[in-house]
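What follows is a set of notes on a single structure, which appears directly below.
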Amino acid sequence: MSETPRPKFSFFTKAPNDKKKRAPTHSFFRKESPNVSSIARSEPSTPISCSTTIQQPPLNQIHPSLSSEDLVKQTGSLKVKLDLDGRNSLKTIPTSETNSLTESQIYKGTKEVKSIQKFFGGSKSSEQKEKESSKTVQLSKISRRSFINLNKYTKISSFEEEGNQLISNIQDALITGFINNEKEIEVIFSNQSIPVYSSLIPNLVYPNKRLIKKQSAFKVLIDSSIPYKHKTYDCWSSLLLPEELWIDEVYHPFNIINEDLSPNYHIESNSNSISNKTDLSQYEVINIDDNYKFFKELFFSKSQTQFYVFRDNVTILCYQRLLTLQFIIIFNNKGIHRVLLTDDDECYKWWQTVNGFKEKPIRVKPKIKFQEELLLFESKLIVTEYKFGVIYMKKNQRSEEEAYENNECSPAFWKFMNLIGTKKQLKGWQNYSGGLDIINGKTGEFMYYQYYDKFNFEIVYHVAPLLPYYNGEEQLERKRFIGNDIVVIIFKEQSDEHDCFDPRVISSSLNHIFIVITPERNDVLNERYKINVVCKSCIKPFPPFIEDKWYYHSIDFSDFLIRKLINGDRTAITCSPFIERMIHSNERLLKHVVTSSL
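Structural data, given as structure tokens:
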């Protein structure tokens, strides 16, 4: 059986601009007469029109228990969009009249359609059915209320990721209205995340932040009528990341000094090191929505986009009114966040209430220069380039000075580096370099680089033995680079169980997270590693969480470690002292934007 095609969502599309004033084709509250999907469903609902351009599947695919003929008999009519007298018109056509429709009467926006009668006619050959199932026709599907105009229909053959499955289930509910799919959606939304800002809309249902992995998923908003209960499923609003707690009293570290390092440090050595109260461990990359350009793609240079500016509080509210709702993007010193309000709410009054101030905002004209400044601000907050320090420590080396003196490394170390990155020549390098000199080669001849294509991230490793070495000095050049990295890999070889890494010997105030890697053996035949993490007290637990085991030299281990490094960096910037620096930087940038808008 061929798979029923699924629609591709597009967001913020405007209704047709007819001369005659009429309700938009995707009107949120426009009632329609019962149609195929509302009859096919057993649950009562108030049908709402949502005009869609879809590749119409056979009616027996809309509800498997009924044939096409039975469905048409029960409804007695079919809603189609016709091109009559040069105007697009949504009309209810009795099935008895479909024979009279001519090809020229069918809405011109639908290609390769011969006639409604052919599509819903009597017996057809399998070849005819196959051709007709690929035709496009304008229909009014009202099984769900939605702010998404389904203006394209794209077949998706597989849904391997949970984010795609979320979209798949929502699409199924929009198209067919099957109760089973509604239950699936309820399951996906059952473990709700907490919004950054509370909305005034009642009965908002938020998804699990972990399941929203693709930007397209944030554009989904479903308004569903369930018997005796009304809910709105909101994927637009910004959601908080769940947090775990450190359990310091039960750790048994490996290759980290076995002393009480609290309250200055936390150690992660196994699954008992954290509270394990949330699903944080299942996040692949945390706060991935911070990397999506919502303003650029949905608000920039759109005629319906409007702005309020709070000059004293350095805040810009960017919003669009769509149907009965307002989609809002908030620019302030904490970054960029999204929230949903009703069309009746004044977003600036809501913001005054949330923050407890009475400053009156200024409504500014959406000048292109002003919007370009917001584009620049948005792009500056998106992090796709990472730099991590790498320190090699031989057996019985305990101090920072000893580690920075190392030039010759074991084969096990270079085998490890070749697993997590690729050795590149610095001079003439065209991509991200992590601040290394790619013109004159003054910071060494080689570096290690990794392109993490899963998320389009670029990674540069500041490898201490590859940085310039000067005899008789404190190796300030090596300290200059690695000392400014938030996350540092410590490759520590052991002579015995007492030969361990002590984070207190590292002098840099910016190094906050140390990923301690211990090889099972120090030669090229090494195939296993132990991982422990020690970080400063301000850092919260971050995934993926380590287990008390030997990790095999493999692509899976490389992916695990790279995600640990990236999530460590992304977690650190939300903690003190980095969050204070970010707030100060954002406020300085936004003050310039606000000044340019007035």
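Here full-length UniProt numbering is used: the first residue of the sequence shown is 1, the next is one more, and so on. For every residue, glycine included, the Cβ atom is placed at its ideal position computed from N, Cα and C.
- DSSP places R363 in the strand class (E or B) of the three-state scheme.
- Under the three-state reduction of DSSP, L341 is assigned to strand.
- Per DSSP, C538 has no beta-bridge partner at all.
- Only residues of its own chain outside the window of five on either side were considered, and among them I391, F501, F514, V516 have a CB closer than 6 Å to the CB of I490, listed in chain order.
- Across the structure, K492 and S399 are spaced so that their CA atoms are roughly 12 Å apart.
- Note that the segment 580-596 touches the segment 331-340; at least 3 beta-carbon pairs, one per stretch, sit closer than 8 Å.
- Bridge pairing for M447: K424 [DSSP].
- Per DSSP, reduced to three states, the secondary structure at E385 is strand.
- Rounded to whole angstroms, P519 and F557 show a C-alpha spacing of 13 Å.
- The beta-carbon separation of L375 and K296, rounded to 6 Å, stays under the 8 Å limit for a contact.
- Taken through DSSP and simplified to helix, strand or coil, P465 comes out as helix.
- Leaving aside the five residues that flank L467 on each side, the residues in its chain whose CB is nearer than 7 Å to its CB run, in chain order, T443, G444, E477, R478, F481.
- One Cα belongs to F560, the other to Y451, and the distance between them is close to 15 Å.
- Three or more Cβ pairs closer than 8 Å define a contact, and the segment 377-386 meets that threshold against the segment 283-293.
- Assigned with DSSP and collapsed to three states, T278 falls in coil, not helix or strand.
- Here I482 carries a helix assignment [DSSP, helix/strand/coil].
- Excluding its 5 nearest sequence neighbours in each direction, N522 has C-beta neighbours in its own chain below 6 Å: S410, A412, E493, listed in chain order.
- Assigned with DSSP and collapsed to three states, T595 falls in helix.
- Within the same chain, Cβ atoms closer than 6 Å to the Cβ of V487 are found at F388, I513, L565, G568, D569, the five residues on either side in sequence being excluded.
- Where V354 is concerned, the enclosing alpha helix (DSSP H) starts and stops at 347-355.
- If you look at N332, you'll find it in the beta strand (DSSP E) that goes 325-332.
- Ranked by Cα distance from N431, the options P541, E458, I420 are led by E458.
- The segment 255-264 makes no contact with the segment 337-344: fewer than 3 CB pairs, one atom from each, lie closer than 8 Å.
- In this structure P465 is buried. Its beta-carbon is surrounded by 16 or more other beta-carbon atoms within 10 angstroms.
- Cβ atoms of Y386 and K423 stay farther apart than 8 Å, at about 18 Å.
- Straight through space, the alpha carbons of L426 and G441 are spaced by roughly 6 Å.
- When secondary structure is reduced to three states using DSSP, F545 falls in the coil class, being assigned neither helix nor strand.
- The Cβ neighbour count for K209, taken over all protein chains shown within 10 Å, is at least 16; the residue is labelled buried.
- In this structure, L240 sits near S193, with a CB-CB distance shorter than 8 Å.
- With 16 or more other Cβ atoms from the protein chains shown falling within 10 Å of its own Cβ, L211 counts as buried.
- With a threshold of 16 other beta carbon atoms within 10 Å, H592 falls short and is exposed.
- Nearest C-alpha to N532 among E547, L525, F370: E547.
- Close CB contacts of G483 within its chain, under the 7 Å cut and outside five residues either way in sequence, are with S508, L510, N511 (chain order).
- Sixteen is the threshold: when 16 or more other Cβ atoms of the shown chains lie within 10 Å of the Cβ of Q326, as they do, the residue is buried.
- For R521, there is no enclosing beta strand (DSSP E), as DSSP marks it with neither H nor E.
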